[in-house]
DNA sequence: TATATTTGCTAAAACGATTTAGTAATGTAT
DNA sequence: ATACATTACTAAATCGTTTTAGCAAATATA
């Protein structure tokens with residue numbers, strides 16, 4: 080069996096003092112509680128010597144704090160979320176929090192189950208990339224005064240904390256950039272979900288389209304089709320049916336992957352004749368042929384804001400006014416958004 | 080303040096029975112402990128009604144089990160590890176375990192700190208992608224009978240459980256493939272670490288090189304240089320100094336990213352004249368120009384084997400013979416490993 | 001000198017579960 | 001009628017902390 084870990088009780092026994100005293104010393108309350116400097120020193124030295132570390136589980140049970148945050152994303156394997164996970168991990172650990180990552184596959188039931196699971200684990204707070212219809216679950220969390228922060232997308236009708244990016248504006252700018260470069264028949268390939276991030280991207284597209292008097296050509300794929308990069312048939316059909324398309328904006332990274340596959344496989348030569356922009360940057364885009372223009376969300380800032388807010392929520396028992404943060408994405412302009420023929 | 084969660088005590092009080100009885104029923108010991116069917120039913124119905132969920136923290140404290148596993152990787156933002164994380168997450172949740180992911184940046188001190196941290200959280204087991212010199216820490220864990228499994232790399236001198244891939248053979252095959260396609264001056268760009276996965280890849284390279292009587296041309300970059308895709312200067316110098324190079328094998332995915340950048344930026348046209356293969360596949364490789372040949376590690380199998388082993392370790396108090404699993408990578412052949420001019 | 005305050009420390013309850021070691025009541029065998 | 005088993009349930013200890021309430025001795029104040 081495992082070697083027994085040394086507990087506060089052992090220390091107290093070894094030093095012939097009470098556990099209370101040890102606990103006070105360990106929690107930096109020696110002064111306040113009138114523990115003599117001498118004894119304090121003795122305890123600290125002994126603690127050091129036997130390499131005592133408090134049992135976090137026991138602490139959690141007593142204090143109700145687990146020092147664990149949950150970061151629930153759509154899919155941790157998605158590079159966008161993986162990157163954010165890393166950023167959030169680093170920030171959280173600096174503040175003494177650990178992070179449980181989990182993937183909800185944008186599925187409401189899965190999200191609910193996970194949230195339930197974690198409530199029973201007494202996690203201290205949630206940073207959630209919410210699935211389409213999670214409003215009730217979220218508002219229950221809020222009612223229970225559990226710190227929650229929505230991330231990447233939000234529910235306009237729900238008064239919550241969130242950190243998102245200016246999807247509509249960023250998309251609009253991307254389209255404008257294509258227009259300025261001479262493209263006229265600009266398609267938008269997106270998901271058919273009603274989530275804010277996607278609706279805003281669609282709005283941005285439509286705004287730009289109508290601003291320049293162009294015609295909308297959009298393909299809205301069901302989320303299920305995009306999992307494991309399916310949806311190629313639909314894209315192929317879409318491109319076949321709309322041969323006038325001279326540029327495409329992909330609303331998210333996996334759509335881009337599928338799109339590039341379709342273009343390369345089913346439309347030889349098209350890759351050099353079509354303009355395109357994607358959401359979310361990737362290292363490989365810089366060296367791709369053509370190099371790929373991308374709407375890059377400010378991941379570092381997003382993570383930082385998120386941690387800021389969640390920490391604030393964790394600290395305060397009193398109500399914190401909801402913080403709604405909208406960060407600006409930037410357009411990283413590369414070759415794919417210029418005419419190349 | 081938060082709404083108080085219902086506890087086993089509340090249930091006992093409400094039903095005018097003891098907490099023991101409730102606990103027995105909840106743990107399926109009603110029969111064994113001679114709780115009458117009638118009372119059992121009553122308890123279960125009430126539990127359902129008030130939507131009681133046991134407090135995992137209290138359970139953990141009492142039982143010593145946290146139902147949490149740790150998956151420590153180099154960097155969760157790295158697509159290879161992110162993908163594995165997702166696979167492991169799914170498998171673990173199916174078995175009632177949650178997974179704490181963390182990144183050690185291949186740094187020994189960070190690894191040690193993290194392991195310490197998690198031991199105090201009473202995590203049930205560790206799946207670790209170990210940093211270079213973590214042998215002692217790992218063997219301490221083993222001595223303490225904490226389930227540990229090394230992943231992706233191992234210490235040949237340490238008798239542990241591990242799941243890795245056949246790096247030497249896979250690399251050798253990749254080089255042989257290049258040789259068969261007419262490449263003669265094949266360079267190997269890798270890290271200068273002494274970790275098994277990298278040493279094996281180097282060995283595989285050297286084996287192939289000597290088998291065909293070629294000359295070794297290798298660049299070994301310090302790990303620190305590769306973080307955040309630096310090391311481009313070194314690669315540039317390397318390629319300048321060795322103009323005879325007609326093919327390159329990149330030992331890991333971020334080296335490939337940097338390599339492609341250097342080639343595109345500093346050696347115009349070279350991308351179409353050089354053969355290359357990378358470790359770890361990426362979605363974008365299929366559509367890259369040229370499409371990129373990759374050594375793909377069997378991530379799904381790796382995750383499955385890892386969970387199998389760790390679950391076995393968790394179940395058995397008795398010693399489990401160490402399981403050493405070596406899985407086969409496959410070479411996904413695309414254009415970049417053929418002569419294209 | 002008597003009283004109040006401060007110093008230095010501790011006993012015991014609490015967090016919410018599990019589990020050991022019971023008790024009382026009933027049934028069964030001799 | 002007595003002993004033994006079985007049934008149906010429970011009190012209390014336990015896991016390792018934190019924290020409240022309080023005690024005794026030393027010191028300060030009147």
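Protein chains in written order, with the numbering used here: chain A, 80 to 420; chain B, 80 to 420.
Where a beta carbon is used, it is the ideal one built from N, C-alpha and C, also for glycine.
Proximity of residue 392 of chain B to chain A, defined by a Cβ-Cβ separation below 7 Å, is not satisfied. In this structure the segment 261-278 of chain B does not lie against the segment 383-395 of chain B, because fewer than three pairs of beta carbons, one per stretch, are closer than 8 Å. DSSP places residue 335 of chain A outside any beta strand (DSSP E); the residue lies instead in the alpha helix (DSSP H), whose first and last residues are 332-345. Two segments are said to touch when three or more pairs of C-beta atoms, one from each, lie closer than 8 Å; by this definition the segment 206-214 of chain B touches the segment 228-244 of chain B. Scanning chain B for C-beta atoms nearer than 9 Å to the C-beta of residue 180 of chain A yields 155, 164, 168, 178, 179 and 180, reported in chain order.
For the pair of segments examined, the segment 342-351 of chain B was found not to touch the segment 123-134 of chain B: the number of CB pairs separated by less than 8 Å stays below three.
Against chain A, a Cβ distance below 8 Å from residue 145 of chain B picks out 136.
Interface residue (Cβ-Cβ distance to chain B less than 7 Å): residue 352 of chain A is not classified as such. At a beta-carbon threshold of 7 Å, the residues of chain B lying near residue 365 of chain A are 340, ordered along the chain. Interface annotation for the segment 310-344 of chain A against chain B: 336, 339, 340 and 343, criterion Cβ-Cβ distance under 7 Å.
Contact check for residue 373 of chain A against residue 360 of chain A passes: the beta carbons are separated by less than 7 Å. If you look at residue 179 of chain A, you'll find it in the beta strand (DSSP E) that goes 177-182. The count of Cβ pairs closer than 8 Å, one atom from the segment 84-97 of chain B and one from the segment 120-127 of chain B, reaches three, so the stretches are in contact.
Taking C-beta atoms under 8 Å as the contact rule, residue 180 of chain A and residue 207 of chain A fail to qualify, at a distance of about 12 Å. Beta-bridge annotation (DSSP): residue 244 of chain A is paired with A:406.
Fully contained in the segment 90-138 of chain A are the following alpha helix (DSSP H) runs of length 4 or more, in chain order: 98-105 and 116-128.
In chain order, 329 and 357 place their CB closer than 7 Å to the CB of residue 335 of chain A, counting only its own chain and leaving out the 5 sequence neighbours on each side. B:271 is the residue among B:383, B:92, B:271 and B:365 whose C-alpha sits nearest the C-alpha of residue 185 of chain B.
The straight-line gap separating the alpha-carbon atoms of residue 112 of chain A and residue 125 of chain A is approximately 20 Å.
Taking a Cβ-Cβ cut-off of 8 Å, residue 185 of chain A has no neighbours in chain B, whose nearest Cβ is about 14 Å from it.
Under the three-state reduction of DSSP, residue 378 of chain A is assigned to helix. Under the three-pair Cβ rule at 8 Å, the segment 157-167 of chain B does not count as touching the segment 133-147 of chain B. Per the DSSP secondary-structure output, residue 392 of chain A pairs with nothing in a beta bridge. Annotated three-state conformation of residue 230 of chain B is strand, per DSSP. Nearest C-alpha to residue 256 of chain A among A:85, A:169 and A:414: A:414. Setting aside the 5 residues that flank it on each side, residue 304 of chain B is surrounded in the same chain by 310, each with a C-beta closer than 6 Å to its C-beta; the list follows chain order. When the Cα atoms are used, residue 332 of chain A and residue 339 of chain A turn out to be separated by approximately 11 Å.
Approximately 28 Å separates the beta-carbon atoms of residue 204 of chain A and residue 247 of chain A; this is outside 8 Å, ruling out the contact. Around residue 364 of chain A, the same chain offers 371 and 373 as residues with beta carbons nearer than 6 Å, after the five sequence neighbours per side are excluded. Using a Cβ-Cβ cut-off of 7 Å, residue 171 of chain A is close to nothing in chain B; its nearest Cβ partner there is about 10 Å away. For residue 199 of chain A, the residues of chain B that pass the 8 Å Cβ criterion are 132, 133, 134 and 135, in the order they occur in the chain. Interface with chain A (7 Å Cβ-Cβ cutoff): residue 210 of chain B is excluded. Within a 10 Å sphere around the beta-carbon of residue 362 of chain A sit 16 or more other beta-carbons, which makes this residue buried. Per the C-alpha coordinates, the member of A:277, A:175, A:407 and A:412 positioned closest to residue 249 of chain A is A:407. By the Cβ neighbour-count rule, residue 109 of chain A is buried, with 16 or more other Cβ atoms within 10 Å of its own. Selection B:115, B:116, B:134 and B:114 evaluated against residue 89 of chain B yields B:134 as nearest (Cα-Cα).
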